[in-house]
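What follows is a single structure, written as structure tokens, with notes after it.
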Ligand SMILES: [Mg+2]
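Numbering (the working numbering), first residue to last: 4 to 270.
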């Protein structure tokens, strides 16, 4: 893995020679720093302006892909003329087209009930909270202080979710101090990026859009994999993580903003 700024010259020339660029960013931990509660992850005005400027550049198609629910993501980012992919891409709303996973839509009622059951089952454990994201659920445990409570939470979680998981009704993924309950579909951030790429100018043609994807967490690895296969630029955000599929890394969301500003200056 290489620090992106150390090899900026070569990356810049690839970006300059691309006819069109699909720029996709994850939200939490990529555009904003990781915080204790998801509602506190606020996009800086600087980063918003950068995204806005790039979105208005005809050479760019811009998108934000997140595990957050679509309405939540949109209300946090608030930039017009970009793609929003919520729930890891299960729901996408864009410039002229949108997508909703049929499997996820079908299981929405089950997920609702499961969210209520989990809230009750985990209710007695301090620092755990269940976030209902419509098509998926997130169980956050960042604020659980001791390990005993954490394993109590894990047991209660498994008690509720394991039977459904065993029946193939849901799948469970892990992120940074969060469990995600998702419908049983192989649709992920990688598939969402492929879907977005097909909607960019020059799609399918030789020398079509160059995908650039930035992410910081395990669910972003699906995106890195796809971008790598398509010869794009994959950027992990955080301390260098050799197991990541990403080719480059940046230290922090702050450096991500620096990167966006570099893109704007690149002519
Ligand atoms: Mg993230």
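Note that CB positions come from ideal geometry on N, CA and C, so glycine has one too.
| Item | Value |
| --- | --- |
| Boundaries (first-last residue) of the alpha helix (DSSP H) holding residue 41 | Note, residue 41: premise wrong, no alpha helix (DSSP H); not H, not E. |
| Through-space distance from residue 157 to residue 181, alpha-carbon basis | 11 Å |
| Proximity below 8 Å, CB of residue 44 to CB of residue 35 | yes |
| When 214, 202, 246 are compared against residue 1, the one with the closest alpha-carbon | There is no way to answer for residue 1, as the model of the chain reaches only from 4 to 270. |
| Residue 33 CB to nearest heavy atom of ligand 1 below 7 Å | yes |
| CA nearest to the CA of residue 112, picked from 253, 8, 185 | 185 |
| Residue 88 in three-state terms, based on DSSP | strand |
| Residue 66 (DSSP reduced to helix, strand or coil) | strand |
| Beta carbon proximity, residue 15 to chain B, threshold 8 Å | Of the protein chains in this structure there is only one, and it is not chain B. |
| Segments of 4+ residues assigned as alpha helix (DSSP H) that fall wholly inside the segment 163 to 251 | 192 to 200, 224 to 232 |
| Secondary structure of residue 142, DSSP reduced to three states | strand |
| Beta-carbon proximity check, residue 143 vs residue 160, cutoff 8 Å | no |
| Range of the contiguous alpha helix (DSSP H) that encloses residue 262 | 256 to 268 |
| Cβ-heavy atom distance, residue 92 to ligand 1, below 7 Å | no |
| Pick from 22, 39, 53, 219 that is closest to residue 266, judged by C-alpha positions | 53 |
| 7 Å CB neighbourhood of residue 55 in its chain, flanking five on each side removed | 82 |
| Sub-8 Å separation of residue 68 and residue 206 beta-carbons | no |
| Own chain, CB closer than 7 Å to residue 269, minus 5 neighbours either side, in chain order | 15, 18, 19 |
| Inter-residue Cα distance where the pair is residue 263 and residue 147 | 35 Å |
| For residue 149, three-class secondary structure by DSSP | coil |
| Any non-hydrogen atom of ligand 1 within 7 Å of residue 205 CB | no |
| Beta strand (DSSP E) runs wholly inside the segment 72 to 134, at least 3 long, in chain order | 86 to 89, 94 to 96, 101 to 103 |
| Bridge-paired residues (DSSP) for residue 26 | 65, 215 |
| Close Cβ partners of residue 190 (< 8 Å) along its chain, the five nearest in sequence each way excluded | 91, 92, 93, 104, 106, 107 |
| Distance cut-off 7 Å: residue 75 Cβ against heavy atoms of ligand 1 | no |
| Residues near residue 230 by beta carbon distance below 6 Å, same chain, minus five either side | 214, 216, 237 |
| Where residue 35 sits in the DSSP three-state scheme | strand |
| Residue 218 Cβ short of 7 Å to ligand 1 heavy atom set | yes |
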